[in-house]
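Enquirer: Let me begin by handing over the structure; questions about it come next.
Protein chains: 2
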Amino acid sequence: MIDMLIKKIEELQNPTVVGLDPRLNLIPSHIKEEAYNLYGKTPRAAAKAFLQFNKGIIDGICDLIPAVKPQIAMYEQYGAEGIQAYIDTVEYAKGKGLIVIGDIKRSDIASTAEAYADGHIGRVKIEEESYVVYREDTITLNPYLGYDSIEPYLGHCKNYNKGLFILVKTSNPNSGEIQDLNIGGEKLYERVGKMVQQWGEAFIGARGYSSIGAVVGATHPQQAEKLRSIMTSTYFLVPGYGAQGATAEDLKGYFNKDGLGAIINSSRGIIAAYSKAPYKSLYKEEEFSLAARAAVLDMKEDLQKLF
Amino acid sequence: MIDMLIKKIEELQNPTVVGLDPRLNLIPSHIKEEAYNLYGKTPRAAAKAFLQFNKGIIDGICDLIPAVKPQIAMYEQYGAEGIQAYIDTVEYAKGKGLIVIGDIKRSDIASTAEAYADGHIGRVKIEEESYVVYREDTITLNPYLGYDSIEPYLGHCKNYNKGLFILVKTSNPNSGEIQDLNIGGEKLYERVGKMVQQWGEAFIGARGYSSIGAVVGATHPQQAEKLRSIMTSTYFLVPGYGAQGATAEDLKGYFNKDGLGAIINSSRGIIAAYSKAPYKSLYKEEEFSLAARAAVLDMKEDLQKLF
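These protein sequence lines are chains A and B, in that order. Taken in order, the first sequence gives residues 0 to 306; the numbers are from numbering that gives the first Met the number 0. Taken in order, the second sequence gives residues 0 to 306; the numbers are from numbering that gives the first Met the number 0.
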């Protein structure tokens, strides 16, 4: 999986992943109205509007970026219809050649973790039949339960050419409450980082990086530099650029000297660009797709400063 | 929420929660065959079979236990149809008077956590309309991201009379890998336990317990005794009895002197009782509901030894 991601990053000269985290107040009115007219003001309408919006965003940016990251919570809240919109979004993005990072942050063990693994990055078996359900290329996981909560996914990474990004140091203000606790001369997130590096060593591809990556928030540049030095073959998925306050300058330490090692996520900064300066005055609401494209190009230019 | 749970535990003299974690190889053939005849060997058939099976289990035991705990992974793996079976299971259980603990172990922050909170224990808003989607009474959460990943749920606990069970010390063999790390004279799980106790103090009900509970695995009786002493008003949800090897004797330290403070989960030991000794020789596969009832009564008798 990781070689596929690196190839696309290099081809496009762009280490950007766009977060598909729609919410109703970010969806242009014409899309919402169409859905409400068809389905009423219902969870079904919200789910249909999300899918329609995502298709527009994907169409606008799919030739510029290697990957998208749908956040399943936004869809799951609407029940079965929401989950279907998530699945349809994944399928649409893959049809457009994008790598899909499912931001699911699941944490469970044994047969429960196997069920998540089968559904999201493997195949579910119904007697002698088997089905691909969610179809993500890689998913995020939470490590608090230890290796038992990671191991059930590893076989699927091998067998189906998939990957993981495991939470190490998250971008939120209170991430330190648990992750920064001191354990024998190091921080908990450093220890977890070492575990992730070790778990990933059996999954290193042709370019020296592992398909088992880590989530390291853009809001912690110093900690990231430390992690970069101990997690040499681990790819970082970096949330927090843009809306959460991090800038390109903060991101230098997330990359290795080869210019690889990190993929930077922006969500609202791209998908809701049409509603924000400077794009708001340049694009109509109906042109949200073009505004997203412009925002991706600006982000690419911003990130180029790093190389 | 917690007062409602305690009232039911006392009325029924039974601190048992039954885990509704179906998997196809535990479902009686007649249910599977019916679903396959209607829908083929598809994820839809699996989801329909799960719901049918759960209804049988719930009918057999709903007058004996206070709560059930469906594990969402088992349903989520089958996509939208699976999620619908989960939602329908929650609704059916609530219709039979059971408290529902949604075992979702979500971990996310800010608007993402709000989306989970709205969907699972609140209401999702579509313009001026709002809907209840999943309808659980309480859900499990993973604390690795800190208070940011808990806080968005707390308002809903207050406004909708709901609860949480936050992972503190899990029952799996490798739970210690991260949870048992030493941080300044105590273990990480003890520190997390203190946080949960503190987060819960604003949610203490009439009986002195908080609606913000903790998950403490049955496989760690010594650690539980320590946690019991520092988490005096926190209710423990205790997985690991039965299939994972813990016995009633291991559970004494999970309870307070008032005989309250813990609810003990059994999943396969109850729902698949029909397939295991001693019930297998007493009940036909079609009588899985009666076998589950017998297993619940045996578990109740076993737990009575503690009081």
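Ideal Cβ positions, reconstructed from N, Cα and C, are used throughout, including at glycine. Note that the coordinates shown come from a computational prediction; the quantities given were computed from them, not determined experimentally.
Which runs of the alpha helix (DSSP H), 4 residues or longer, sit entirely within the region 70-110 of chain A?
Expert: List check, alpha helix (DSSP H) in window: 71-75 and 79-94.
Enquirer: Apart from the five residues on each side of it in sequence, which residues of its chain come closer than 8 Å, Cβ to Cβ, to Glu248(A)?
Expert: Numbered from 1 along the first sequence, position 249 holds the residue referred to as residue 248(A). So the list reads Lys304, once near-sequence residues are dropped.
Enquirer: Give the single residue among Glu150(A), Ala109(A), Lys68(A) and Asp117(A) whose Cα lies nearest to the Cα of Leu19(A).
Expert: For this step, residue 19(A) is matched to residue 20 along the first sequence. Taking only the C-alpha atoms, the option nearest Leu19(A) is Lys68(A).
Enquirer: Could you name the residues of the same chain whose beta carbon sits closer than 7 Å to that of Thr88(A), not counting the 5 residues immediately before and after it, in chain order?
Expert: Here residue 88(A) is taken as the residue at index 89 of the first sequence, counted from 1. Only Leu19, Leu50, Asn53 and Pro69 meet the Cβ criterion.
Enquirer: Grab the span of the alpha helix (DSSP H) containing Ala261(A) for me, first residue to last.
Expert: By 1-based counting over the first sequence, the position of residue 261(A) is 262. Per DSSP, Ala261(A) belongs to no alpha helix (DSSP H); it is in the beta strand (DSSP E), Ala261 to Ser265.
Enquirer: Have a look at Ala271(A) and Lys31(B) and give me their C-alpha separation to the nearest angstrom.
Expert: In the first sequence, residue 271(A) corresponds to position 272, counting from 1. In the second sequence, residue 31(B) corresponds to position 32, counting from 1. Taking the straight line joining both Cα atoms gives about 46 Å.
Enquirer: Which chain B residues are close to Pro42(A), counting only those with a beta carbon under 8 Å from its beta carbon?
Expert: Translated into positions along the first sequence, residue 42(A) becomes position 43. Correct list: Val123, Ile125, Tyr130 and Val132.
Enquirer: Helix or strand or just coil, what does DSSP make of Lys168(A)?
Expert: Residue mapping note: residue 168(A) aligns to position 169 of the first sequence, counting from 1. Here Lys168(A) sits in strand by DSSP.
Enquirer: Ser337(B) versus chain A: which residues are under 9 Å apart at the beta carbon?
Expert: Given that chain B is displayed from residue 0 to residue 306, the structure contains no residue 337(B) and the question cannot be resolved.
Enquirer: Let me see if you follow: with CB-CB separation under 8 Å, is Lys193(A) close to chain B or not?
Expert: Reading the first sequence from its first residue, position 194 is the one you call residue 193(A). It does not; no Cβ of chain B falls within 8 Å.
Enquirer: I'd like the span of the beta strand (DSSP E) that includes Phe306(B), first residue to last.
Expert: Against the second sequence, residue 306(B) aligns to sequence position 307. Element bounds for Phe306(B): n/a, residue is neither H nor E.
Enquirer: Is it right to say Asn181(A) is buried, meaning 16 or more other beta carbons lie within 10 angstroms of its own, or is it exposed?
Expert: Along the first sequence, one-based indexing puts residue 181(A) at 182. Exposed is the call here.
Enquirer: By DSSP, does Leu308(A) sit in helix, in strand, or in coil?
Expert: The structure shown does not extend to residue 308(A), since chain A spans only 0 to 306, so no value can be given for it.
Enquirer: Going by other Cβ atoms of all chains shown within 10 Å of its Cβ, with 16 needed for buried, is His29(A) buried or exposed?
Expert: The residue given as residue 29(A) occupies position 30 in the first sequence. The residue is exposed, with fewer than 16 neighbouring Cβ atoms inside 10 Å.
Enquirer: What number of angstroms, rounded off, separates the C-alpha of Gly204(A) from the C-alpha of Ile60(A)?
Expert: Numbered from its first residue, the first sequence carries residue 204(A) at position 205. Numbered from its first residue, the first sequence carries residue 60(A) at position 61. Approximately 27 Å between the Cα atoms of the pair.
Enquirer: Three or more C-beta pairs closer than 8 Å, one from the region 105-116 of chain A and one from the region 147-162 of chain B: is that the case here?
Expert: No, because fewer than three Cβ pairs between the region 105-116 of chain A and the region 147-162 of chain B fall closer than 8 Å, the two stretches do not touch.
Enquirer: Please decide whether Ile165(A) counts as near chain B, where near means a Cβ-Cβ distance under 8 Å.
Expert: Position 166 of the first sequence, counted from the first residue, corresponds to residue 165(A). No - not a single Cβ of chain B is within 8 Å of the one on Ile165(A).
Enquirer: Within 8 Å, do at least three Cβ pairs link the region 150-157 of chain A to the region 213-224 of chain A?
Expert: The region 213-224 of chain A is not in contact with the region 150-157 of chain A.
Enquirer: Below 6 Å CB to CB, which residues in the same chain sit around Ala44(B) once its five sequence neighbours on both sides are set aside?
Expert: Here residue 44(B) refers to the residue found at position 45 when the second sequence is read from its first residue. Correct list, in chain order: Ala34, Tyr35 and Tyr38.
Enquirer: Based on the DSSP secondary-structure assignment, which residues constitute the bridge partners of Ser209(B)?
Expert: By one-based count along the second sequence, residue 209(B) stands at place 210. BP columns for Ser209(B) point to Ile203(B) and Thr233(B).
Enquirer: Just checking: is the beta-carbon of Leu37(A) within a distance shorter than 8 Å of some beta-carbon in chain B?
Expert: Counting from one through the first sequence, the residue named residue 37(A) turns up at place 38. Not one chain B Cβ lies under 8 Å of Leu37(A).
Enquirer: What did DSSP end up calling Leu180(A) once you bin it into helix, strand or coil?
Expert: By one-based count along the first sequence, residue 180(A) stands at place 181. The answer is coil: DSSP assigns Leu180(A) none of H, G, I, E or B.
Enquirer: Is there a Cβ of chain A sitting closer than 8 Å to that of Met230(B), yes or no?
Expert: As a position in the second sequence, residue 230(B) is number 231, starting the count at 1. For Met230(B), the answer is no, since every Cβ of chain A falls outside 8 Å of its Cβ.
Enquirer: Between Pro142(B), Ile262(B) and Gln76(B), which has its C-alpha nearest Arg122(A)'s C-alpha?
Expert: Taking the first sequence and counting its residues from 1, the one referred to as residue 122(A) is at position 123. Closest by alpha carbon: Gln76(B).
Enquirer: Would you call the region 165-175 of chain B and the region 132-146 of chain B in contact, with 3 or more CB pairs under 8 Å?
Expert: Because the criterion of three Cβ pairs below 8 Å is met, the region 165-175 of chain B and the region 132-146 of chain B touch.
Enquirer: Return the Cβ separation of Tyr234(B) and Ser209(B) in integer angstroms, given the expectation that the two are a contact with Cβ distance under 8 Å.
Expert: What you label residue 234(B) is simply residue 235 of the second sequence in a count that begins at 1. What you label residue 209(B) is simply residue 210 of the second sequence in a count that begins at 1. Indeed, because the Cβ distance is near 7 Å, the residues count as touching under 8 Å.
Enquirer: Go ahead and label Pro238(A) buried or exposed: buried means 16 or more other beta carbons lie within 10 angstroms of its beta carbon, across all protein chains shown.
Expert: The residue given as residue 238(A) occupies position 239 in the first sequence. Buried, because 16 or more other Cβ atoms sit within 10 Å of the Cβ of Pro238(A).
Enquirer: Go ahead and label Asp257(B) buried or exposed: buried means 16 or more other beta carbons lie within 10 angstroms of its beta carbon, across all protein chains shown.
Expert: Numbered from 1 along the second sequence, position 258 holds the residue referred to as residue 257(B). That one is exposed.
Enquirer: Is the shortest distance between the beta-carbon of Met73(A) and the beta-carbons of chain B less than 8 Å?
Expert: Against the first sequence, residue 73(A) aligns to sequence position 74. Yes, because at least one Cβ of chain B sits closer than 8 Å to the Cβ of Met73(A).
Enquirer: Ends of the beta strand (DSSP E) at Leu11(A)?
Expert: By one-based count along the first sequence, residue 11(A) stands at place 12. Premise fails: Leu11(A) lies in the alpha helix (DSSP H), Ile1 to Leu11, not in any beta strand (DSSP E).
Enquirer: So with CB distances below 8 Å, who are the chain A contacts of Ser174(B)?
Expert: In the second sequence, counting from the first residue as 1, residue 174(B) sits at position 175. Near Ser174(B) (Cβ distances below 8 Å), the residues of chain A are Leu144, Gly145 and Asp147.
Enquirer: With 8 Å set as the bound, which would you pick, yes or no: does the beta-carbon of Leu23(B) sit closer than that to a beta-carbon of chain A?
Expert: Here residue 23(B) refers to the residue found at position 24 when the second sequence is read from its first residue. Leu23(B) counts as touching chain A.
Enquirer: If you compare alpha carbons, which of Asp117(A), Gly78(A), Ala112(A) and Val131(A) is closest to Glu90(A)?
Expert: Translated into the one-based positions of the first sequence, residue 90(A) becomes position 91. The candidate whose alpha carbon is nearest that of Glu90(A) is Val131(A).
Enquirer: Within 8 Å of any Cβ in chain B, is that where the Cβ of Ser28(A) sits?
Expert: Along the first sequence, one-based indexing puts residue 28(A) at 29. Ser28(A) does not count as touching chain B.
Enquirer: Which residue marks the beginning of the alpha helix (DSSP H) containing Val349(B), and which one marks its end?
Expert: With chain B covering 0 to 306 only, the question about residue 349(B) has no answer from this structure.
Enquirer: For Lys186(B), is the classification buried or exposed, using 16 other Cβ atoms within 10 angstroms of its Cβ as the cut-off for buried?
Expert: The count along the second sequence starts at 1 and reaches residue 186(B) at position 187. Lys186(B) comes out buried.
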